[in-house]
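Just so we're on the same page, this note's numbering is the position in the sequence shown counted from 1, plus 4.
By construction, the Cβ of each residue, glycine as well, lies at the ideal position given by its N, Cα and C atoms.
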Amino acid sequence: MTVLVWITEGTWQAAVDAARAHAPAGAEVTLLHVTGDDIAATAHGSFAGLLGRGHRERDPGDQLEVLSVSAVTALLDAAAERLGRPAARSQAHGRVEREVVRAAEGAELLICARDGDRHRLGPRSLGHTTRFVVDHAPCPVLLVWPGAAPDLGSIPPPPDRP
């Protein structure tokens, strides 16, 4: 069995804990982190807009990319340590939701965590990116709460209809 665990900065512990609990012994586990290209592009564009294009050596976007790779490596290392078993590590760049769906091709299980409103049950407990992944994943998805799930009282009452 191949299990893909989508690692994000705010919810990685829950996803890794779910993999520890639900990935069968002997499963091939891959820890995936995707960095959106929009972050470095924004830094490049901001620099060019504020200071002009003639000072490439001072462009913060390049430095931001180096820091990003270092931070992602540290995050994947922490996730692998928490998992406590052998796992491949994968880093991707691009549109996050599409890269996760692409990486899930051929996997038998995708594990990810909710990243929206953590105070009530319902569709808003998923951010836009996670909603896209859940809707388009080419494999079964295990979706976990990053902490305790809200109680059933958080469900809004049904609408009044005759």
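Are the CB atoms of residue j and residue i within a distance shorter than 8 angstroms?
i: S72; j: L35; result: no
i: E101; j: T133; result: yes
i: L79; j: E13; result: yes
i: W10; j: L114; result: yes
i: A19; j: V148; result: yes
Quick check on the DSSP output: the beta strand (DSSP E) that includes residue i runs from which residue to which?
i: W10; result: T6 to W10
i: L36; result: E32 to G40
i: L156; result: First-last for L156: undefined, no H or E at that position.
How would you write the range of the alpha helix (DSSP H) that residue i sits in, first residue to last?
i: W16; result: W16 to H26
Give me whichever residues DSSP pairs with residue i in a beta bridge.
i: H96; result: It should be noted that the sequence gives Ala, not His, for residue 96. V38.
i: V145; result: L114
How do the segment 106-126 and the segment 83-90 stand: do at least 3 beta-carbon pairs fall below 8 angstroms, yes or no?
no
Curious, which full-length alpha helix (DSSP H) runs of at least 4 residues does the segment 98-142 contain?
100-108 and 132-140
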